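Asks: Residue numbers (full-length UniProt numbering): 1 to 332.
No residue lacks a Cβ here, since even glycine has one placed at the ideal position from N, Cα and C.
Only a predicted model underlies this, so the values are computations on that prediction, with no experimental measurement involved.
Before I ask anything, here is the structure I am working with.
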Amino acid sequence: MVLLAIESSCDETSAAVMVNGELKSNIISTQLIHTEWGGVVPELASREHQKAIIPVVQEALQKANINKNDLNAIAFTRGPGLLGALLVGTSFAKSLALSLDIPLIEVNHMQAHVLAHFIEEPKPQFPFLCLTVSGGHTQLVWVKDALHMEVIGETQDDAVGEAFDKTAKLIGLPYPGGPLIDKLAQVGNPDRFSFSLGEMPGLNFSFSGIKTQILYFLHKETQKNPQFVEENKADICASVQKSLIDMLLRKVKKAMKEKNCQQIAIAGGVSANSGLRSRLQEMGEKEKWDVFIPAFQYCTDNAGMIAMAGHFKYEAGEFTDQDVAPLARYSL
Ligand code: ATP
Ligand code: MG
Ligand code: FE
């Protein structure tokens, strides 16, 4: 079964080819235009997707050595994401499926982030717990099987990726700041400053308080020393990163206990964070859990994960009609 997958939910235009569950190509074009605006501008994202989608799909087919007439199905991200961006991928997938007379498969982007774990070995066994941490979401997901997932805890305000990006902005780092904080944190002292996060009941999270706290903290410190940020950047990054990871891991531990679970996976863009990866590994060794961490190329948005989800849906016979419309909000 030859499957083409399309991802266009935010600022990555991506296409992948999967043959019988094996990923043959995964082309990702990241939109650089947003950097100068300090965040993703929805209207610009749609236009960039329109420009990139045909060359990206062509490259994915070429790299997989597949002719479009060999395709058996097309999977695409239906949501959640930016509506205009999703429309580009959805319309493209619909037209190509119609013209080739092959089935269409809609994919939930957050389900796909979790299923990225099935692209390569080692793969978790159902059921397992997944912490999905990205630019728009922070969720604890109980994964019963490939197509049945339940959110058992989530953020009540900002996503953790947003907290990384907003912190970065406050200390003058360009968008997206998450990876830059990660890099600076590696050479900083995580215990130098302390930031406290509000504790939400149960398995829920809150990350919106930290940016105000950092704002006031920086304001106070730069009044005493105008060079404060420049002189202490690495320590600020390490300290903020530590408190974000502390919060995530505290809830992971709680959820693992509640579910009496031994397998933990992380997914989404923030799962590329080196601090989170190593501290989860450590916690796993201590608690005797099996820890699943995706390869870097499957953490942030990519069509490979959409293909993986599409593959499971194809096997389950879950196809989509031509009148499907994208959804900006789309729960698991
Ligand atoms: P969603 O999946 O919720 O719709 P999204 O698709 O925009 O949102 P992803 O592409 O999965 O999110 O992840 C992007 C986020 O990951 C950004 O906030 C970015 O800063 C963050 N990120 C990427 N790498 C790292 C890293 N090494 N450390 C911390 N954050 C990171
Ligand atoms: Mg992105
Ligand atoms: Fe994503």
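Hey, which residues come within less than 5 Å of the ligand FE, measuring from Cβ to any heavy atom, in chain order?
Replies: In chain order, the qualifying residues are S134 and D301.
Asks: Find the nearest neighbour of A295 within the set E285, I6, K288 and S274, judged by alpha-carbon distance.
Replies: Measuring from the Cα of A295, the nearest candidate turns out to be S274.
Asks: Are there 16 or more other CB atoms within 10 angstroms of the CB of W289, so buried, or fewer, so exposed?
Replies: Buried.
Asks: Could you say which of Q262, G178, L44 and I171 lies nearest to V143 if we only look at CA atoms?
Replies: For V143, the nearest C-alpha among the options comes from Q262.
Asks: Tell me M18's beta-bridge partners as DSSP assigns them.
Replies: Per DSSP, L3 and L23.
Asks: So who's on the other strand from M149, going by DSSP bridges?
Replies: Note: M149 sits in a beta bridge opposite V143.
Asks: State the DSSP-derived secondary structure class of residue 335, mapped to helix, strand or coil.
Replies: Past the edges of the chain, shown from 1 to 332, lies residue 335, and the structure says nothing about it.
Asks: Buried or exposed for R329, going by 16 or more other Cβ atoms inside 10 Å?
Replies: Label assigned to R329: exposed.
Asks: By DSSP, does G202 sit in helix, in strand, or in coil?
Replies: Correct three-state label for G202: coil.
Asks: Can we count P179 as close to the ligand ATP, meaning its CB is less than 7 Å from some heavy atom?
Replies: Yes, the ligand ATP has a heavy atom inside 7 Å of this Cβ.
Asks: Let me confirm a value: H219 is counted as buried when at least 16 other C-beta atoms fall within 10 Å, else exposed. Which label applies?
Replies: That one is exposed.
Asks: Buried or exposed, going by whether 16 or more other CB atoms sit within 10 Å of the CB of Q125?
Replies: Q125 comes out exposed.
Asks: What residue from R250, E7 and M308 has the CA that sits closest to K123's CA?
Replies: When only C-alpha atoms are compared, the closest one is M308.
Asks: Check whether the Cβ of C237 lies closer than 7 Å to any heavy atom of the ligand MG, and answer yes or no.
Replies: Answer for C237: no, Cβ out of range of the ligand MG.
Asks: The ligand ATP and F164: does any heavy atom of the ligand fall closer than 7 Å to the residue's C-beta?
Replies: Answer for F164: yes, Cβ within range of the ligand ATP.
Asks: Suppose only complete runs of 3+ residues qualify. What are the beta strand (DSSP E) ranges in the stretch 269–313, listed by chain order?
Replies: Segments of the beta strand (DSSP E) lying fully in the stretch 269–313: 290–292.
Asks: Are there 16 or more other CB atoms within 10 angstroms of the CB of V270, so buried, or fewer, so exposed?
Replies: Per the 10 Å Cβ criterion, buried.
Asks: The ligand ATP and A272: does any heavy atom of the ligand fall closer than 7 Å to the residue's C-beta?
Replies: Yes, since a heavy atom of the ligand ATP falls inside the 7 Å radius drawn around the Cβ of A272.
Asks: With the cut-off set at 8 Å, would you say P80 and F319 are in Cβ contact?
Replies: Taking 8 Å as the Cβ cut-off, P80 and F319 do not qualify as a contacting pair.
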